[in-house]
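For the sequence shown, counting from 1, position 179 maps to 184 in my numbering; every step adds exactly one.
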Amino acid sequence: YGLEWLHKKKLCSYWEDNGYCPHGDECDYAHGEAELSRRTPLEASDLEAFAVRHRPPTLPAREVGGGAEAHVAGGGNEQRWEPVPLPPLPHVQQRRGRKGPKLRCMITNCCEVEAIEDTCLLLLAAERLLQGSVYCTFGCHPHNYREYNDRYEERLLAALEACGDKVVAWGECGLDYHKNYYDLDDPGRHTMMLDVFARQARLAVAKGLPLVVHSRDAEEDTLKVLREHVPADHPVHIHAYQGAPWMMWEVLNSMPNAVVGVSGTILFPTAQAVHEVARQCPLERLVLETDAPYLAGEPRAIPTLARKVAELKGGGVTFEQVLAITTANCERFYRIA
């Protein structure tokens, strides 16, 4: 995982269309089949190490073993999730006496079909390692909009059904005119971006699921899709928002159940737009998120973000207030008891 999550895992669409790419060797995408690299799947050891760092404080130290990982089986239009036994894990000694915030819950976004098996493995492992404190969403990230079709959607919906009440939202989906900048020159592709976002927005509404929205350099079109396809009272999470505060206020004023997410970019000295979003967003409408691995490290980074929000808001707002209120906002929005 880490910062190599997407690196050279898919072909560069600009390179495919034009035979070259202006980003050259620095492009995250592959320029030809020879550059493609296989994604590294999650393994039990990855999850064990994560659990040691984030174990809920009420979980007793014990021998942890057995368990299962996810395996996709079946053909045609059907999928089922079959458990595959994992080898016993070594004794994990809970670190007692730790001070400060502890992990209460975590939401992982599965926004490409290639990540479905890993997501299922993460949920199953969390049942035995983290008291079932991990939840998920499903959707198609705007970077992958050209892949979205009936079959892609069917696979996401099959995973959604299989994961049951561990699914708390649809997304992230939306519009990314920064990453897909060159595609904006093609009217057909621009229309496809809007259609894929609108289709997923309607699906979230039909399923009664909160909608997690990715919007980057696409404020006006994001608002257009939301206004045309999402009821005003539907819960919408503007995820890891880095855009203009005016769009934040448009969403908050017109959608009473919406929240805005601030990510690890708030720690960047040059992220003035994010700083302004954090200052202006009412605490009762704010959530904190890592958007790992790019914008923060792990869930344990959340308290650092809360301290920065308190610093930016000033006026007597404390770190403890920010952490408590944003945590409650998250649990309420995603209906996590």
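Heads up, the beta-carbon is just placed ideally off N, CA and C, and yes, glycines get one too.
Reference residue i, options the options, closest by Cα
i: residue 277; options: 293, 258, 248; result: 248
i: residue 133; options: 53, 264, 32, 193; result: 53
i: residue 5; options: 119, 55, 27, 162; result: There is no way to answer for residue 5, as the model of the chain reaches only from 6 to 342.
i: residue 333; options: 288, 309, 306, 207; result: 288
i: residue 180; options: 207, 209, 169, 150; result: 150
i: residue 147; options: 124, 177, 302; result: 177
i: residue 114; options: 142, 128, 126, 230; result: 142
i: residue 34; options: 291, 185, 162; result: 185
i: residue 39; options: 27, 274, 16, 46; result: 16
i: residue 202; options: 191, 192, 228; result: 228
i: residue 217; options: 152, 335, 47, 311; result: 335
i: residue 326; options: 296, 302, 291; result: 291
i: residue 140; options: 170, 162, 155; result: 170
i: residue 157; options: 205, 125, 123; result: 205
i: residue 320; options: 190, 265, 284; result: 284
i: residue 116; options: 152, 138, 107; result: 152
i: residue 21; options: 268, 125, 36; result: 36
i: residue 329; options: 45, 107, 175; result: 107
i: residue 272; options: 312, 250, 166; result: 312
i: residue 51; options: 126, 274, 28; result: 126
Backbone CA spacing between residue i and residue j [nearest angstrom]
i: residue 195; j: residue 215; result: 25 Å
i: residue 93; j: residue 49; result: Below a pLDDT of 50, predicted positions are generally treated as unreliable, and residue 93, at 35, falls in that range; no measurement from the model is reported.
i: residue 339; j: residue 43; result: 33 Å
i: residue 213; j: residue 172; result: 12 Å
i: residue 315; j: residue 119; result: 38 Å
i: residue 341; j: residue 298; result: 24 Å
i: residue 234; j: residue 210; result: 9 Å
i: residue 145; j: residue 307; result: 25 Å
i: residue 24; j: residue 14; result: 18 Å
i: residue 253; j: residue 286; result: 8 Å
i: residue 279; j: residue 310; result: 12 Å
i: residue 190; j: residue 136; result: 48 Å
i: residue 26; j: residue 225; result: 28 Å
i: residue 255; j: residue 264; result: 12 Å
i: residue 317; j: residue 266; result: 15 Å
i: residue 221; j: residue 251; result: 14 Å
i: residue 296; j: residue 268; result: 6 Å
i: residue 367; j: residue 197; result: Coverage of the chain is limited to positions 6 through 342, which leaves residue 367 absent and any answer about it impossible.
Expected contact under 8 Å - CB spacing of residue i and residue j to nearest Å
i: residue 182; j: residue 223; result: 4 Å
i: residue 109; j: residue 305; result: The pair is not a contact, with the Cβ atoms about 12 Å apart (cut-off 8 Å).
i: residue 208; j: residue 168; result: Going by Cβ atoms, the distance from residue 208 to residue 168 rounds to 16 Å, so no, they are not a contact pair.
i: residue 121; j: residue 164; result: 5 Å
i: residue 18; j: residue 200; result: Residue 18 to residue 200, Cβ: 17 Å. No contact.
i: residue 270; j: residue 300; result: 5 Å
i: residue 293; j: residue 331; result: 5 Å
Q: Scan the stretch 238-298 and note each continuous alpha helix (DSSP H) run of 4 residues or more that stays entirely inside, going in chain order.
A: 250-259, 277-285
Q) Does the stretch 231-239 come close enough to the stretch 249-261 that 3 or more CB-CB pairs lie under 8 Å? A) Short answer: they touch.
Q: Please specify which runs of the beta strand (DSSP E), each continuous and at least 3 residues long, are wholly inside the stretch 135-183, giving them in chain order.
A: 139-143, 172-181
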